[in-house]
Each structure stands twice: as C-alpha cells, then as structure tokens.
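J.:
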Amino acid sequence: MSDPGIEDFWDSAPSGHVIAHPDGRIIRANATLARWLGYEPDALCEMAFSDLLTAGGRILYDTHFGPLLHLGRDLNGVTVDVLTADGTRLPMFLTANVKHNSAHRPERLQITVVDAANRRAYEVELLAARKQAEVEQGRVKVFAETLRRALLPPMLSPPDGLDAADYFFTASDDDVGGDFYDLFPLSRTTWGFFLGDVAGKGVDAAVVTALIRYTLRAAAVFDDDPVQVLDNLNTVINQEVRDVRNRFSTVVYGKLTKRDNGFDVEVASGGHPPPLLFHAGGSANYVDTVGGQAVGLTAEPHFVASRFHLHPGDTMMLYTDGLTEASTGIGTERYDDEGALLRFAKSHAPTTASAIVEEVHRLLGGLGSGVEDDTAVLALGVSRAKEA
Amino acid sequence: MVDVCARHNITVVGNGPTILLVHGFGCDQNLWRLVVDRLQSDFRLILIDLVGSGSSDPRAWDANKYASLSGYAADILEIVDALDLRDVVFVGHSVSAMIGALATIEDPRRFAKLVLLTPSPCYIDDRDYRGGFSRADIDDLLESLEQNFLGWSRAMAPVIMGTPDRPALQDELADTFCRNDPEHARVFARATFLSDNRADLSRISLPTLVIECSSDAIAPREVGAYVHAHVDGSELITLDAIGHCPHVSAPAETAEAISAFARAT
Chain F
33 MSDPGIEDFW
43 DSAPSGHVIA
53 HPDGRIIRAN
63 ATLARWLGYE
73 PDALCEMAFS
83 DLLTAGGRIL
93 YDTHFGPLLH
103 LGRDLNGVTV
113 DVLTADGTRL
123 PMFLTANVKH
133 NSAHRPERLQ
143 ITVVDAANRR
153 AYEVELLAAR
163 KQAEVEQGRV
173 KVFAETLRRA
183 LLPPMLSPPD
193 GLDAADYFFT
203 ASDDDVGGDF
213 YDLFPLSRTT
223 WGFFLGDVAG
233 KGVDAAVVTA
243 LIRYTLRAAA
253 VFDDDPVQVL
263 DNLNTVINQE
273 VRDVRNRFST
283 VVYGKLTKRD
293 NGFDVEVASG
303 GHPPPLLFHA
313 GGSANYVDTV
323 GGQAVGLTAE
333 PHFVASRFHL
343 HPGDTMMLYT
353 DGLTEASTGI
363 GTERYDDEGA
373 LLRFAKSHAP
383 TTASAIVEEV
393 HRLLGGLGSG
403 VEDDTAVLAL
413 GVSRAKEA
Chain W
647 MVDVCARHNI
657 TVVGNGPTIL
667 LVHGFGCDQN
677 LWRLVVDRLQ
687 SDFRLILIDL
697 VGSGSSDPRA
707 WDANKYASLS
717 GYAADILEIV
727 DALDLRDVVF
737 VGHSVSAMIG
747 ALATIEDPRR
757 FAKLVLLTPS
767 PCYIDDRDYR
777 GGFSRADIDD
787 LLESLEQNFL
797 GWSRAMAPVI
807 MGTPDRPALQ
817 DELADTFCRN
827 DPEHARVFAR
837 ATFLSDNRAD
847 LSRISLPTLV
857 IECSSDAIAP
867 REVGAYVHAH
877 VDGSELITLD
887 AIGHCPHVSA
897 PAETAEAISA
907 FARAT
C-alpha cells in the first residue's frame with residue numbers, strides 16, 4: 033500500500049477492515065475498527081478474530097464461518113456481535129473472503145465489518161413480530177378447531193341395523209366453514225338426521241351453524257313432519273339472525289323409522305344437493321328433492337319432501353357442495369359439472385356406509401387442492417347381516 | 647426398512663479398512679473433504695450427514711428424537727447395521743465424538759476403534775469442571791443462530807457459499823453446501839451444547855484416540871485432558887492448530903493422526 037490515498041482510505045474507511053491468517057489470527061486491523069472497539073491500533077494484532085466476538089458468535093464462527101472460509105467460501109452479511117475492549121456489544125454485519133496462494137491454499141482472510149445497530153434493531157423487531165404472528169396463528173387454529181369440533185357430532189351412534197359413517201374435510205385449518213351434520217335418536221324406533229351448509233365462512237357462519245344445529249334437534253322432537261321441522265327452523269333463523277349478513281343455509285333433514293328389515297326414510301330438503309341412493313342391486317340414483325329453497329332466505333320458503341324405504345344393503349349418502357364444486361384443475365370446470373358424482377355412485381353401488389365414505393375420502397384426496405371448500409359427508413346404510 | 651443411504655446422504659469412497667466420518671454441529675460431510683483427499687487411498691471412507699444437517703432427508707426429521715444425542719446415536723447404529731459394516735473406526739468431530747461414544751457404548755459389536763476429534767463431554771462449566779461456557783453463553787449462541795436465520799433460511803445460505811470465480815461449482819452446491827434448516831439447527835445446537843455426557847466417558851470400552859487443537863475456544867485443552875483422563879487407556883494427540891476444526895485447518899496432521907491410529911494393531 034504505497035499509494036498514500038489507499039493507506040489513508042484503509043484507516044479512515046467507514047467500515048472495519050481486518051487481514052488475518054487463515055486460522056483467524058489478526059495480521060492487521062484498520063484504525064476505524066480499533067476506534068470502534070476501543071483498542072490501540074496495534075493491540076488487535078495476533079488476537080484471534082473470533083475472540084472479538086461474543087460467546088455465541090465465537091461458536092458460530094468456529095463451527096460455521098471459519099471452516100467455510102477455510103474451504104474457500106465467502107461470507108456475506110453474517111450477523112455477529114463484536115465486543116469492545118470494555119465488553120460492550122456492537123451489532124455488526126460481517127463480510128469476508130479468502131485470498132489463496134498460487135498453490136490454491138488459503139493465504140489470508142479479508143474481513144470487513146460494518147455497523148448494523150439500526151438494521152439489527154429492526155431485525156429484532158421483525159423477529160419478534162414473526163414470533164407473535166406465529167403465536168397468534170396457533171391460537172386461531174386452536175380456536176377454529178375447537179369451534180369446528182363443537183359443531184360436529186363427536187361420534188355417530190346409529191340404531192341397530194343401521195351403519196353410519198361420516199367424513200369431514202377442512203379446507204382451511206385457521207377458518208371455520210358452515211358445514212354441519214348429525215344423527216340422533218327421537219324415539220325407540222325413530223332417528224333424525226341432517227346435513228347442511230351455511231352460506232359463508234368464519235365466525236358469522238359458525239354462529240348460524242350452531243343455531244341451526246340446536247334448533248333442528250329441538251324442532252325434530254317437536255314435529256313429526258320433516259317439512260314442518262324445516263319451516264320451524266326457517267322461522268327461528270328469520271327471528272334470531274337479523275344482523276348476520278349470510279344467514280341462509282341449505283339443509284337436508286330426515287327421519288328414519290325402523291320397519292321390517294330396513295328403515296322408512298322421510299326427507300325434506302331446503303335447496304341442498306340431493307342425497308344419493310346406492311341400491312343393494314347395484315344401481316344408484318339421486319333422491320328426488322330438487323327445487324326447494326334454502327332456509328333463512330324468505331318468510332315462507334318452499335321445501336321439497338321425499339319418502340322411500342332403505343332395504344338391507346341399501347345406502348344413502350348426504351354431502352355438501354365442497355365435493356361437487358371442487359375444481360378439477362381443467363379451466364373453470366367443477367367436479368360435478370358433467371354428472372361425475374352420479375357416475376361415481378353407479379360405479380360403487382352396492383356399497384356400505386363406511387366403504388362409500390372411504391371412497392369419497394379417496395376421491396377428495398385425488399382432487400387435492402381443487403377442494404376449496406369444507407366438505408361434509410354422512411352415509412347411512414342398512415346392514416346386509418340383518419337380511420335373514 | 648429405512649433407507650439410511652438416502653436419509654443420511656451417505657457417500658462411500660476409497661478401499662481398505664472402514665472409517666466412518668461423522669460431522670459435528672455446523673455444516674455437514676463437506677467439511678471432511680481435505681481429510682478424505684488424504685485417506686481415501688488407504689481406507690474405505692463412509693461419509694454421512696446427520697439428520698437435520700446438509701442433504702439429509704428432511705422427512706426424517708423428528709424434533710423429539712433429535713432433541714437428545716441418543717437420537718443421533720441410534721441412527722449411527724442403524725447405519726452400521728444397514729450397511730453391514732464391521733471393524734469400523736468411528737471418527738466423530740465435535741459433538742459427534744460424543745454421539746459415537748454413546749452409539750458404541752450401546753452396541754460396540756461392529757466397531758473397532760473410536761477417534762474423538764475435538765470432543766467435549768460437557769460445554770458448560772460445572773463447579774470444578776471447566777467446559778468453557780456458561781449457560782448464558784449458550785443462550786447467546788441460540789440467539790445468534792436465530793438472528794442469522796432471519797436471512798439464513800433464504801439469503802445467507804446462497805451467499806455464504808459464494809464462489810464467484812467458479813460459478814459452476816456454486817450451482818452444483820447451491821442447495822446443499824452446509825445449508826441447514828434453521829429449526830433443525832436450533833434443536834441440534836441445544837442438544838449439542840446443553841448435553842452433559844461426562845459420566846459416559848468411563849463406559850467407553852473401545853481403543854480410543856482423542857485429538858485436540860492447541861488452541862480451541864470451543865473444546866479447550868482442559869477439556870481434552872479431561873476426556874483423555876476419563877476414557878480408560880485412551881491416547882491424546884494435540885495438534886498445533888487454532889480453532890475447532892483441525893480437519894479443515896490442519897487436514898494433513900489430522901489425517902495422519904487418524905490413519906496411524908486406525909492402522910495400529
């Protein structure tokens with residue numbers, strides 16, 4: 033460094049500069065660094081560079097940075113705290129490279145440190161904010177999961193002779209959808225069931241879902257006629273949920289009455305996708321419930337009723353539109369645009385409640401991220417074992 | 647069966663008696679490169695990445711298992727079993743010296759000798775024992791790690807390996823060289839620096855060589871002497887080297903010490 037300009041720059045540069053042996057022993061440090069650290073300019077010579085770092089930084093240097101430099105890698109903007117002569121920590125960014133001799137052996141380290149107090153303070157805030165966000169997200173997930181569980185039956189307890197299976201797919205683990213279902217006893221020979229989907233998502237939808245769930249269970253005890261049960265539900269929703277915007281819900285409510293070896297089924301639908309029937313003989317069809325209106329939309333909605341008998345080996349499946357509306361990944365196509373669900377049903381009939389729920393589970397898995405909404409499935413089937 | 651080769655990104659080079667080289671905290675099997683160059687003509691060298699480090703299979707990560715050194719030691723035993731290795735000379739650097747000690751105490755059958763490279767059975771001072779660090783120092787390390795992770799998971803890994811004069815090499819190594827998942831490194835750091843395996847030293851039954859550096863801030867000479875004194879019949883070699891990684895800073899001397907000990911009958 034014969035050029036006086038270079039020599040002056042070395043010592044008065046706005047950053048700390050160090051030349052060191054490959055093992056980290058300092059050969060020369062510039063005046064800026066010596067001043068920052070409170071040392072006489074020559075006092076840093078022969079000290080190990082890592083001795084200028086805090087214990088944590090020293091470990092990182094000795095286990096990561098030093099070996100990497102030795103193997104010829106550069107360091108760029110590594111975060112370290114450098115200790116002054118009186119032990120004060122100075123937040124720094126460290127940049128370093130290695131100069132090799134003609135035999136490709138490391139000859140010396142060239143290290144530059146710059147003051148990073150402001151940036152580091154900002155990064156610490158950033159880190160705290162990220163941790164806080166992670167905690168909050170965790171809380172939201174627990175909250176959503178708890179709420180979701182509260183809106184679904186803990187376990188299904190079907191009557192003798194009936195198999196029941198359910199599946200609930202959660203599209204988002206930090207939000208609550210409006211899907212709901214249940215199966216419950218009304219008398220010694222009669223059972224009620226329902227499955228529906230409240231418009232919207234989140235807390236508003238959860239409030240309406242909870243109201244519908246408990247109203248339906250009470251209304252089911254009060255009235256025998258499924259259409260009347262939905263009428264009562266509609267009245268309650270219209271009275272109770274005035275200030276929630278998306279307060280309507282599609283729903284299928286039905287009643288099972290044990291007769292002979294099977295069950296008489298009466299269902300009423302309020303604008304919900306029709307249940308599927310899988311017959312013991314191997315055919316499949318939709319229950320004719322098309323045309324009803326969702327509950328909560330108008331004061332006097334029109335609901336559609338249907339009656340049929342479930343014979344041994346017959347299975348009925350209720351589902352929400354998370355399944356039928358799942359994106360296939362082909363343009364804007366939805367899974368059931370071309371009648372895929374009925375074809376799926378026909379290819380799996382006859383079936384059992386647990387087998388068809390398993391198949392739907394697999395189908396949803398195949399659709400992957402195309403399933404954009406929560407999906408609930410409830411299947412009820414009459415056991416073949418009771419046939420004899 | 648677990649595919650240990652994929653799990654640990656296992657590399658095998660050379661021919662001869664088997665030496666298993668296991669990296670410590672920081673980086674991965676790449677740190678052995680200069681030693682490998684010197685040993686592969688005389689030995690079969692097995693190189694691995696511990697789960698959580700380097701190019702190990704991220705799916706194998708288990709925060710509970712790898713929160714203690716016994717989790718890593720169990721993997722070592724699975725590796726020697728799966729590869730059907732015999733008469734293995736285990737060479738462990740830094741924390742992996744203790745991982746090797748635990749593995750060979752658990753089941754010494756496939757091992758012949760143990761080389762502890764800059765080992766420390768306990769990094770934290772405890773009454774008369776001087777490990778070199780206080781608990782506060784280790785907390786400072788964990789914080790330093792965390793601060794570097796702000797950029798580490800994204801920015802630092804690519805730049806730390808920057809080799810502007812050899813861009814092809816950079817591409818080749820871009821995703822692997824010493825790149826560790828921040829969360830995994832944190833767990834490994836805790837397991838490394840908060841473990842106390844002093845009581846295990848006397849349970850080592852294999853012929854053991856302790857290699858230390860003349861100046862090592864992480865495993866100071868008192869610690870090397872402590873290990874030597876507590877492992878029955880062990881040999882101690884002090885290399886004239888500064889730092890914690892003599893296999894990088896003094897590869898010829900390190901390779902020679904390993905080679906001579908591995909050959910000795």
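Heads up: the protein sequence lines correspond to chains F and W, in order.
Following our numbering, the numbering of the first sequence begins with 33 at its first residue and continues without gaps.
Following our numbering, the numbering of the second sequence begins with 647 at its first residue and continues without gaps.
C-beta atoms are modelled at their ideal positions from N, C-alpha and C, and glycine is treated no differently.
Among the candidates F:96, F:127, F:221, whose CA atom is the shortest distance from the CA of residue 109 of chain F?
T.: That would be F:127, whose Cα lies nearest to the Cα of residue 109 of chain F.
J.: I'd like the ranges of any alpha helix (DSSP H) spanning at least 4 consecutive residues and lying wholly in the region 733–771 of chain W.
T.: Counting whole runs of 4 or more residues, the region 733–771 of chain W contains the alpha helix (DSSP H) stretches 741–752.
J.: Going along the region 72–89 of chain F in order, which residues come within less than 8 Å of chain W, judged by CB to CB distance?
T.: Here the close residues are 80, 82, 83, 86, 87, 88, 89.
J.: Just to make sure I have the definition right: I need the residues of chain F whose C-beta is within less than 7 Å of the C-beta of residue 889 of chain W. Which are they?
T.: Simply 55, 56, 94, 98.
J.: What are the complete beta strand (DSSP E) segments, minimum 3 residues, inside the region 332–379 of chain F?
T.: Runs of the beta strand (DSSP E) inside the region 332–379 of chain F: 336–342, 347–351.
J.: Can you list the residues of chain F that residue 789 of chain W reaches, using a CB-CB cut of under 7 Å?
T.: The contacting residues are 88.
J.: If you count every other CB in all the chains shown that lies within 10 Å of the CB of residue 59 of chain F, and 16 or more means buried, which is it?
T.: Label assigned to residue 59 of chain F: exposed.
J.: From residue 810 of chain W to residue 107 of chain F, what does the alpha carbon distance come to, in whole angstroms?
T.: Unreliable placement is indicated for residue 810 of chain W, whose pLDDT of 42 sits below 50; the coordinate value is still reported in the next sentence. Distance between the alpha carbons of residue 810 of chain W and residue 107 of chain F: 12 Å.
J.: Note the first and the last residue of the continuous alpha helix (DSSP H) segment covering residue 59 of chain F.
T.: It is not in any alpha helix (DSSP H) - residue 59 of chain F instead sits in the beta strand (DSSP E) that spans 58–61.
J.: When you check each C-beta in the region 849–874 of chain W against every C-beta of chain F, which residues fall closer than 9 Å?
T.: Residues 861, 862, 863, 864.
J.: Thinking C-alpha only, which one of W:773, W:743, W:768, W:770 is nearest residue 760 of chain W?
T.: For the residues W:773, W:743, W:768, W:770, the minimum Cα distance to residue 760 of chain W belongs to W:743.
J.: With a cut-off of 8 Å, does the C-beta of residue 904 of chain W fall near any C-beta of chain F?
T.: With 8 Å as the cut-off, residue 904 of chain W does not count as an interface residue toward chain F.
J.: State yes or no: is the C-beta of residue 838 of chain W within less than 8 Å of the C-beta of residue 671 of chain W?
T.: In contact: residue 838 of chain W and residue 671 of chain W (Cβ atoms closer than 8 Å).
J.: For a cutoff of 8 Å on Cβ pairs, would you count residue 126 of chain F as touching chain W?
T.: Closer than 8 Å: no.
J.: DSSP on residue 154 of chain F, reduced to helix/strand/coil?
T.: Reduced to three states, the DSSP call for residue 154 of chain F is helix.
J.: Using a Cβ-Cβ cut-off of less than 7 Å, give me the residues of the region 766–783 of chain W that come near chain F, in sequence order.
T.: So the close ones are 779, 783.
J.: Grab me the residues of residue 296 of chain F's own chain with a C-beta within less than 6 Å of its C-beta, minus the 5 sequence neighbours each way, in chain order.
T.: Closer than 6 Å at the Cβ level, and outside the excluded window around residue 296 of chain F, lie 289, 341.
J.: Against residue 102 of chain F, what residues of chain W qualify as contacts under a CB-to-CB distance less than 7 Å, listed in chain order?
T.: Result: 894, 895.
J.: Thinking just about the alpha-carbon of each residue, which of F:211, F:382, F:397, F:216 is nearest to the one in residue 367 of chain F?
T.: With distances taken between Cα atoms, residue 367 of chain F lies closest to F:397.
J.: If you drop the 5 nearest sequence neighbours on each side, which residues of the same chain put their C-beta closer than 6 Å to that of residue 395 of chain F?
T.: Around residue 395 of chain F: no qualifying Cβ.
J.: Give the straight-line distance between the Cα atoms of residue 133 of chain F and residue 139 of chain F, rounded to the nearest whole angstrom.
T.: Residue 133 of chain F and residue 139 of chain F: Cα-Cα distance of roughly 5 Å.
J.: Under 8 Å: do the region 239–248 of chain F and the region 265–274 of chain F share three or more Cβ pairs, one atom per stretch?
T.: They touch, by the three-pair rule.
J.: Does the Cβ of residue 898 of chain W have 16 or more other Cβ atoms within 10 Å, making it buried, or fewer, making it exposed?
T.: Answer is exposed; the Cβ neighbour count stays below 16.
J.: Enumerated in chain order, which unbroken segments of the alpha helix (DSSP H) with a length of 4 residues or greater are wholly contained in the region 40–84 of chain F?
T.: Within the region 40–84 of chain F, the complete alpha helix (DSSP H) runs of at least 4 residues are 63–69.
J.: Enumerated in chain order, which unbroken segments of the alpha helix (DSSP H) with a length of 4 residues or greater are wholly contained in the region 677–739 of chain W?
T.: The qualifying runs are 679–685, 715–728.
J.: Spatial neighbours of residue 403 of chain F within its chain, please: CB distance less than 7 Å, with the 5 preceding and 5 following residues excluded, ordered by chain position.
T.: Closer than 7 Å at the Cβ level, and outside the excluded window around residue 403 of chain F, lie 201, 203, 354, 358, 396.
J.: How would you list, in chain order, the residues of chain F whose beta-carbon sits under 9 Å from the beta-carbon of residue 840 of chain W?
T.: Under the 9 Å cutoff, chain F gives no residues; its nearest Cβ is about 13 Å from residue 840 of chain W.
J.: Residues of chain W with a CB under 7 Å from the CB of residue 91 of chain F: which are they?
T.: Result: 787, 864.
J.: Three-state secondary structure (DSSP) at residue 200 of chain F?
T.: Strand at residue 200 of chain F.
J.: Just to confirm my understanding: we take residue 805 of chain W, look at its own chain, exclude 5 residues before and 5 after, and list those with CB closer than 6 Å. What are they?
T.: The predicted model places residue 805 of chain W with a pLDDT of 35, which falls under 50 and marks its position as unreliable, so this point remains unresolved.
J.: Let me see if you follow: with CB-CB separation under 8 Å, is residue 809 of chain W close to chain F or not?
T.: Here residue 809 of chain W scores only 40 on pLDDT, less than 50, and its place in the model is too uncertain to base an answer on.
J.: Whose CA, out of F:407, F:346, F:399, lies closest to the CA of residue 378 of chain F?
T.: Minimum Cα distance to residue 378 of chain F is reached at F:346.
J.: Hey, is residue 159 of chain F's beta-carbon within less than 8 Å of any beta-carbon in chain W?
T.: Closer than 8 Å to some Cβ of chain W, the Cβ of residue 159 of chain F qualifies, so yes.
J.: Tell me whether residue 329 of chain F sits in a helix, a strand or coil according to DSSP, three-state version.
T.: Coil at residue 329 of chain F, not helix or strand.
J.: Start and end of the beta strand (DSSP E) containing residue 857 of chain W?
T.: 854–861 is the span of the beta strand (DSSP E), which, as asked, contains residue 857 of chain W.
J.: Give, in chain order, every residue of the region 150–184 of chain F whose Cβ lies closer than 8 Å to some Cβ of chain W.
T.: Cβ contacts with chain W: 152, 155, 156, 158, 159.
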